[in-house]
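J.:
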Amino acid sequence: MITAKTLKLSLKSLREFAKKRLPDETLIELDNRDECPLDIVRHMCSPDKLGIQLLFVPEEYGGMGGTTIDVYCVCEEMARIDLGIATSVLATFLGSDPITVGATPEQKKLWLTRIAEEGLLFAYAATEPEAGSDLGELRTTAERVMEDGKIVGYKITGNKQWISNGGIADAYTVLANTPSGPSWFILEKGARGFTHDEPEDKHGIRLSNTAALAFDKVFVPTAQLVGGVEGQGLNQAQAVFGYTRLMVAAFGLGAGWSALDRAIPYSTKRIQAGAPLSEKQGYTHKLIVPNVARLEAARAYIEEVAERIDAGEGSLNTEGAIAKYMATEAGNSAAEASIQALGGYGYTHEYMVEKISRDVRITVIYEGTSEIMEMTIGRDRWQTHLKTRGQHYHDEAKKFEALHARHSQVGADVVALALHALAEVMEKARMARLTRYQHILLRLGELIAYAECAGSLARRGSLLAENKLNEKANRRFDAAALAAISRVFAREAALKVAEDGLRWVVGAGGWGDADLRTLEASLELAAIHRAQTGLIADMDCVADVLYGRAAKREPVVA
Ligand SMILES: Cc1cc2nc3c(=O)[nH]c(=O)nc-3n(C[C@H](O)[C@H](O)[C@H](O)COP(=O)(O)OP(=O)(O)OC[C@H]3O[C@@H](n4cnc5c(N)ncnc54)[C@H](O)[C@@H]3O)c2cc1C
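First residue of the sequence shown? That's -16 in the numbering used here, and the numbers climb one at a time after it.
(1) Can you tell me whether R419 is helix, strand or coil according to DSSP?
(2) Following a CB-centred definition, is N148 positioned closer than 8 Å to any heavy atom of ligand 1?
(3) By Cβ distance, which residues of its chain are closer than 6 Å to V398, with the 5 residues on each side in sequence left out?
(4) Who pairs with T178 in a beta bridge, going by DSSP?
(5) How close, in whole Å, do the beta carbons of A152 and F105 come, if the pair is a contact with beta carbons under 8 Å?
(6) Would L278 and A313 be called neighbours here (beta carbons separated by less than 9 Å)?
(7) Can you tell me the Cβ-Cβ gap for I52 and N453, rounded? I've got them flagged as a contact below 8 Å.
(8) Beta-carbon separation of S250 and S241 under 9 Å?
(9) Taking 9 Å as the threshold (beta carbon to beta carbon), is N142 in contact with chain B?
(10) Is R458 helix, strand or coil by DSSP?
(11) Using a 10 Å radius around the Cβ and a threshold of 16 neighbouring Cβ atoms, would you call K338 buried or exposed?
(12) Hey, T346 and L33: beta-carbon distance below 9 Å or not?
(13) I want to check one thing, is the minimum distance from the CB of T178 to the heavy atoms of ligand 1 below 8 Å?
(14) Report yes if the CB atom of W494 is closer than 9 Å to the CB atom of A412, and no otherwise.
(15) DSSP beta-bridge partners for A154?
(16) According to DSSP, what are the bridge partners of K143?
(17) Below 9 Å between beta carbons: does that hold for R245 and Y330?
(18) Give the DSSP-derived three-state secondary structure of L529 in the structure shown.
(19) Whether or not the segment 224 to 239 and the segment 283 to 290 are in contact is what I'm after, with contact meaning three or more pairs of Cβ atoms, one per stretch, closer than 8 Å; do they touch?
(20) Can you say whether V135 is buried or exposed, counting buried as having 16 or more other CB atoms within 10 angstroms of its CB?
(21) Put Q221 into one of helix, strand or coil per three-state DSSP.
(22) Are the segment 252 to 271 and the segment 196 to 209 in contact at 8 Å, needing three or more beta carbon pairs?
(23) Note down, in chain order, each residue of its chain lying with its Cβ closer than 8 Å to the Cβ of G531, except the 5 sequence neighbours on either side.
(24) Going by DSSP, what residues sit across from V128 in a beta bridge?
(25) When DSSP labels each residue in this structure, what does A258 get in the three-state scheme?
(26) Taking 6 Å as the limit between beta carbons, can you name the residues of its chain near I431, skipping five residues before and five after?
(27) Flag this pair as yes or no: are the beta carbons of I64 and L(-3) separated by less than 9 Å?
(28) Within 10 Å of its beta-carbon, does G239 have 16 or more other beta-carbons around it, so buried, or fewer, so exposed?
(29) Is any heavy atom of ligand 1 found at a distance shorter than 8 Å from the C-beta of K543?
(30) Does the contact criterion of 3 or more C-beta pairs under 8 Å hold for the segment 181 to 195 versus the segment 144 to 158?
(31) Could you check what DSSP says for N453 in three-state terms: helix, strand or coil?
(32) Hey, is the segment 522 to 531 in contact with the segment 466 to 482, meaning 3+ C-beta pairs nearer than 8 Å?
(33) Just curious, the alpha helix (DSSP H) that L405 is in, first and last residue?
(34) Helix, strand or coil: which one does DSSP assign to S298?
(35) Can you tell me the Cα-Cα spacing of K(-9) and Y55, whole angstroms?
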């Protein structure tokens, strides 16, 4: 069990280590040379050094048994340092996941103890040239090897593509088709018939080693079939999606904030038209404030999901998808805006934001692309909409109306408008059978993510005000600042759900004039437009907090 104090100390050691061993010049050099600093990765994973991997290994196997909240905090911190190195450490997290969820007690004891005690680096090998988003297309095979009528092992044949740590791992979890379906195997480096390619020359995360793997009848004993039963591979992978996607969500959050934390101080020093850029509203309110709001909305969602996973609510795959989708999209947009915020300097290597922007781009691709996340979210919540006869988001909205009665500062009334509008959009989509259009289903996924994250942020704002936030939760903003951020994001979410929702529903349906008028009225567009009142004042308030000018101005509530 890791206490809040221990977690804080671990994060501090990580920061100090990075400051000493990974200053910007080193990171830029490694990025230029396209080199994975293996000594650094080993240092981070060695039990007698930083020992980060101890965090996710259960105590019974020599680890620290960190909770999902602990892992999210560490992933965010690693991403703030370098996303390539973070990916390398994450590959061991991912590689050991099939073992944690599906292995036999003996396999767990052997491999998890070795990760804890030897700092074994893992790679997680699922993707293939023909099987990316759709792992059902898997071609790698594991052929049974029989002796005296008994299965004694398997011969693995096939290819894997873009595997993080592919060229440097000590061990690999490999997904392959057995006669009874996809299964995970554990393979050690050096196995006969197993080779890897040179590292890929990539757009970003150039400090991580990504390589293709080839298997030519590689023998693996039965003891290394995860769980000892064939055909469990996809279930074992599914069982941890909520958790693993939360880690990548934390990557998006950390990288996004690390870019903004360069843009914000830069803008206080850069004088244009007689004043620092930080004093130009057209700069802060376009490039900084909306990105802060989106990142913090994603953070609120991540922290809630992490708490729910830790409370034993299951793997929460859809929620993991929402967290990943929002945090990684927000991280990308924050990094992109930070290049713009630094102008010409932002476009050069030296100022780091362009590297962060190249790095964070991977987070909307690996562990499930944004489009696959939209599909997962859209499909799942569509079922909920049908099961509740369209009431689900109306019921959720009522909770926020009640929250607004207790906490009028956090924008819960606007969240309620967003959720009612979402319920109406989904209902109109049902009436006109619009989910037969894949684009509509995926766009609904996006609107759902915005509305749910707005809800989490408002709830987080109220918990902070009541001093009831998880003790490990991030406390960058005080209650008044978080409330202003929440109001800014709630307005964006409500407007997006209503306007985009209307766009897609009208765009796909064959509605008459009268239908359209009813549709517009049901979305409460006028109320959502009125709720934008006070937006600029709230954005001013957020900018003042970010730039340490908070004392001068009182937050303005719509
Ligand atoms: C640097 C890097 C590191 C990686 N590390 C690992 C690793 O350690 N282990 C591992 O197993 N894999 C790893 N991957 C692979 C990664 O998980 C896949 O690239 C990712 O899942 C997407 O698969 P794909 O590239 O084949 O794209 P595709 O699945 O071909 O998708 C291409 C595009 O089509 C969209 N698309 C796909 N299906 C649909 C659909 N049904 N409807 C609408 N749109 C769709 C996608 O969203 C995407 O925009 C890594 C990749 C990279 C680049």
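Quick reminder that beta carbons are idealized off the backbone N, C-alpha and C, glycines included.
Computed from a prediction, not measured in an experiment: that's the story for all the values here.
T.: Judging by the given coordinates:
(1) helix
(2) yes
(3) F383, A437, G438, A441, A473
(4) A197
(5) 6 Å
(6) yes
(7) 7 Å
(8) no
(9) Among the chains in the structure shown there is no chain B, since it carries only a single protein chain.
(10) coil
(11) buried
(12) no
(13) no
(14) no
(15) F105, E171
(16) L196
(17) no
(18) helix
(19) yes
(20) exposed
(21) helix
(22) no
(23) none
(24) G136
(25) strand
(26) I360, R364
(27) yes
(28) buried
(29) Outside the shown range of the chain (-16 to 541) lies residue 543, about which nothing can therefore be said.
(30) yes
(31) coil
(32) yes
(33) 395 to 414
(34) coil
(35) 13 Å
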